[in-house]
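Here the structure is laid out as structure tokens; the discussion comes afterwards.
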Amino acid sequence: MINPETQTIIAQCTPRGSGAIALLRLSGPEALNIATKLSRLPNNKTIDAVPTHTIHAGHVIDQDNSVVDHVMFLIMHGPRTFTGEDVVEITSHNNQFIVQDIIALAIKHGARLAREGEFCKRAVMNDKMDLIQAEAINELIHANTQLALKQSLAQVKGSLSQWIINIEQDLLKALAFCQASFEFIDEEDMEFGDQIKDIINNTSVTIDQLKISFDQQQRIRQGIRIAIIGSVNAGKSSLFNALLQKDRAIVTHIAGTTRDVIEAGMYKEQNYWTLIDTAGLRNTDNIIEQEGIERSLKEAQSADIILLVIDASREMNAQEKNIYQKIANEHPDKIITIFNKSDLPNITDFTCKKAINVSTTENVNIAHVEQAIEQKIEQLLSSIASPFLLNKRQFNLLLNVEQKLQQTLPLFTNNIAYELLSIHLQDAIAELSALTGKSVSEDAMDKVFREFCVGK
Ligand SMILES: Nc1nc2c(ncn2[C@@H]2O[C@H](COP(=O)(O)OP(=O)(O)OP(=O)(O)O)[C@@H](O)[C@H]2O)c(=O)[nH]1
Ligand SMILES: [Mg+2]
Numbered sequence: 534m535i536n537p538e539t540q541t542i543i544a545q546c547t548p549r550g551s552g553a554i555a556l557l558r559l560s561g562p563e564a565l566n567i568a569t570k571l572s573r574l575p576n577n578k579t580i581d582a583v584p585t586h587t588i589h590a591g592h593v594i595d596q597d598n599s600v601v602d603h604v605m606f607l608i609m610h611g612p613r614t615f616t617g618e619d620v621v622e623i624t625s626h627n628n629q630f631i632v633q634d635i636i637a638l639a640i641k642h643g644a645r646l647a648r649e650g651e652f653c654k655r656a657v658m659n660d661k662m663d664l665i666q667a668e669a670i671n672e673l674i675h676a677n678t679q680l681a682l683k684q685s686l687a688q689v690k691g692s693l694s695q696w697i698i699n700i701e702q703d704l705l706k707a708l709a710f711c712q713a714s715f716e717f718i719d720e721e722d723m724e725f726g727d728q729i730k731d732i733i734n735n736t737s738v739t740i741d742q743l744k745i746s747f748d749q750q751q752r753i754r755q756g757i758r759i760a761i762i763g764s765v766n767a768g769k770s771s772l773f774n775a776l777l778q779k780d781r782a783i784v785t786h787i788a789g790t791t792r793d794v795i796e797a798g799m800y801k802e803q804n805y806w807t808l809i810d811t812a813g814l815r816n817t818d819n820i821i822e823q824e825g826i827e828r829s830l831k832e833a834q835s836a837d838i839i840l841l842v843i844d845a846s847r848e849m850n851a852q853e854k855n856i857y858q859k860i861a862n863e864h865p866d867k868i869i870t871i872f873n874k875s876d877l878p879n880i881t882d883f884t885c886k887k888a889i890n891v892s893t894t895e896n897v898n899i900a901h902v903e904q905a906i907e908q909k910i911e912q913l914l915s916s917i918a919s920p921f922l923l924n925k926r927q928f929n930l931l932l933n934v935e936q937k938l939q940q941t942l943p944l945f946t947n948n949i950a951y952e953l954l955s956i957h958l959q960d961a962i963a964e965l966s967a968l969t970g971k972s973v974s975e976d977a978m979d980k981v982f983r984e985f986c987v988g989k
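Plus 533 on top of the position in the sequence shown (first one is 1) and you've got my numbering.
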């Protein structure tokens, strides 16, 4: 009976679709045998007999000995491979008929199709990396911003894992102190309550710091949200289109043209910007418009950067000034103020030292707005103290660790119950192990890898 967990697997690792070459990976105990059966190398060499970590040009041949494709075989014996198992990588021409034929041949010879993330899963199972590093590889592939990319690269190298190992060591030290205090309970200078409490407090602070940046990181990972807010007719949609360099939002002279939030994304300066055009702010009895305005204010709240657009060619009424002031006060670090319609005489009495004078119709200073956005992004990224990028699973486990540590705090009385304390500490350490996958259940592990793509 073949065990599916160790059966040799195959998948295409490169994306499907057009491109010169495709990479297929075979991994498992039968990888060399299967590759031998479907290949023909020059000079009667065979894949199972060539040295490890060598590359060979050759043919994939079907069961009638006809050539399926001219390919390169990269032969790597375990454990010095990505998965820790024997691996053969086949670089073929990227034609889906060829790729499918090679996969079908491998299956005929005893392999099965790999599931999502299964190569990474095997790497974890074979101790080539921990779960966090495997997750980081997935993040790396999908990183949308330079920050996310840097952080996932660091995590592949093991930065978060190292951080966890450090915490684990501290908690193990606390556990040792705990056990010593318990065993030598009658000896006065063998009481380590203070030391244990210090370790627990310091660990909680460290976890807390990481937690604080979690929300922000989650958002940034999806792209930097830039909301364009301002009075009706100020030129928000015009600015949105100018930044996008596309006529995406409708622009008219009628106040209240934009009724709902419109989003558009673009890669810019190594980051992914999500631009959000909103309905103009003004008090209105029109229910639809009022709803749009509510949404605009919500967007301001959740945005990373706000472009506050003011029509400088007209005076502002008291109500508008109020709203602007309110937004400026609530989000002082996020705002870039723009005086639009600078091609017309400037008669606004709204003052703002750092405002950028722009004309969207004449394309004046749009580049300046982009620079201001980039500066804000840099500020934003540098304000994120934590070098780690957590996902939801990791975040929840850290919350569990913290909760377990919190449970110890009431125990620090005159008469510390060291036995109970040590149970809580052991629980916290177990939660930490689940983070790196050391003690994670098969189900939980599969859940992680299902988010990966096939071939990873
Ligand atoms: N002169 C001048 N007119 C502009 C400029 N920018 C926008 N406009 C005009 O102002 C009017 C309103 O522009 P929109 O971009 O629709 O303004 P909005 O802020 O999106 O308006 P709402 O969606 O109604 O809130 C249009 O007639 C634009 O052509 C500018 O820089 N100079
Ligand atoms: Mg508009």
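By construction, the Cβ of each residue, glycine as well, lies at the ideal position given by its N, Cα and C atoms.
- Of all the options Ile635, Asp660, Lys641, which has the alpha carbon lying nearest to the alpha carbon of Arg613? The shortest Cα separation from Arg613 among Ile635, Asp660, Lys641 belongs to Asp660.
- Query: Are at least three pairs of beta-carbons, each pair with one atom in the region 946–955 and one in the region 705–719, less than 8 Å apart?
  - Reply: yes
- Of the choices His589, Arg655, His603, whose alpha-carbon is the least far from that of Thr541? Arg655
- Which residue comes first and which comes last in the beta strand (DSSP E) that contains Ile640? It is not in any beta strand (DSSP E) - Ile640 instead sits in the alpha helix (DSSP H) that spans 629–641.
- Any heavy atom of ligand 2 within a distance shorter than 7 Å of the CB on Thr616? no
- Who are the near neighbours of Met849 in its chain, counting only those whose CB is closer than 8 Å to its CB and skipping five residues on each side? Once the five neighbours on either side are set aside, the close Cβ partners of Met849 are Ser764, Ile843, Tyr857, Thr881, Asp882, Phe883.
- Hey, is the region 638–648 in contact with the region 539–555, meaning 3+ C-beta pairs nearer than 8 Å? yes
- To the nearest angstrom, report how far apart Ala900 and Gly988 are at their CA atoms. Whole-angstrom Cα-Cα distance: 41 Å.
- When you compare each of Leu571, Gln666, Leu942 to Asp597 by their alpha carbons, which one comes out closest? Leu571
- Could you check how far apart the C-beta atoms of Glu701 and Asn924 are, in whole angstroms? I think they sit under 8 Å. Contact flag wrong, Cβ pair sits at about 19 Å.
- Message: Are there any heavy atoms of ligand 2 lying less than 7 Å away from the beta-carbon of Asp810, as far as the coordinates show?
- Response: yes
- Query: Beta-carbon separation of Asn890 and Ser875 under 8 Å?
  - Reply: Their beta carbons are under 8 Å apart, which means Asn890 touches Ser875 by this criterion.
- Per DSSP, Ala590 forms a beta bridge with which residues? Met605
- Message: Given 7 Å as the limit, tell me if Leu877 has its C-beta closer than that to any heavy atom belonging to ligand 1.
- Response: yes
- Paired residues, beta bridge with Ala544 - DSSP: Arg558
- Item | Euclidean distance between Cα positions of Leu877 and His675 | 45 Å
- Message: ligand 2 and Lys887: does the residue's C-beta get closer than 7 Å to at least one heavy atom of that ligand?
- Response: no
- Measure from the alpha carbon of Asp634 to the alpha carbon of each residue in Asp595, Gly561, Ala707, Lys937, then state which is nearest. Asp595
- beta strand (DSSP E) runs contained entirely in the region 832–904, provided each spans 3 or more residues: 838–844, 868–873
- Just to confirm, does Ala788 get its C-beta within under 7 Å of one of the non-hydrogen atoms of ligand 1? yes
- Message: Between Val794 and Arg828, how many whole angstroms is the CB-CB distance? I'm expecting something under 8 Å.
- Response: 5 Å
- Starting from Arg792, follow the beta strand (DSSP E) in both directions and report where the run begins and ends. Counting along the chain, Arg792 falls outside any beta strand (DSSP E), and DSSP gives it neither H nor E.
- Going by CA-CA distance only, name the one from Ser770, Phe725, Ala767 that's closest to Asn948. Phe725
- Message: I'd like the span of the beta strand (DSSP E) that includes Asn924, first residue to last.
- Response: Neither: Asn924 is in no beta strand (DSSP E) and is coded neither H nor E.
- Ala833 beta carbon near ligand 4 (any heavy atom closer than 7 Å): By its list of ligands, the structure shown excludes ligand 4, since it contains just ligand 1 and ligand 2.
- Task: Classify Ser737 as helix, strand or coil using the three-state DSSP reduction.
- Result: helix
- Pick out whichever of Ile762, Ile733, Asn804, Asn766 has its Cα sitting closest to the Cα of Gln755. Nearest to Gln755 by alpha-carbon distance, out of Ile762, Ile733, Asn804, Asn766, is Asn804.
- Taking Ile757 and Ile809 to be in contact with their CB atoms under 8 Å, please state how far apart those CB atoms are, rounded to whole angstroms. About 11 Å; that fails the 8 Å criterion.
- Query: Looking at C-alpha atoms only, which residue of Thr616, Phe615, His586, Val600 is the closest neighbour of Ile608?
  - Reply: Taking the Cα of Ile608 as reference, the smallest distance to any Cα among Thr616, Phe615, His586, Val600 is reached at His586.
- Query: Hey, is Gly969 close to ligand 2, as in C-beta under 7 Å from one of its heavy atoms?
  - Reply: Note that residue 969 corresponds to Thr in the displayed sequence, not to Gly. It does not: the Cβ of Thr969 is nowhere closer than 7 Å to a heavy atom of ligand 2.
- Message: Going by beta-carbon coordinates alone, are Leu772 and Ile761 separated by less than 8 Å?
- Response: Yes, Cβ-Cβ distance for Leu772 and Ile761 is below 8 Å.
- Query: Mind checking whether Gly768 and Thr893 have CB atoms under 8 Å apart?
  - Reply: yes
- Report yes if the C-beta of Ser771 is less than 7 Å from at least one heavy atom of ligand 1; otherwise report no. yes
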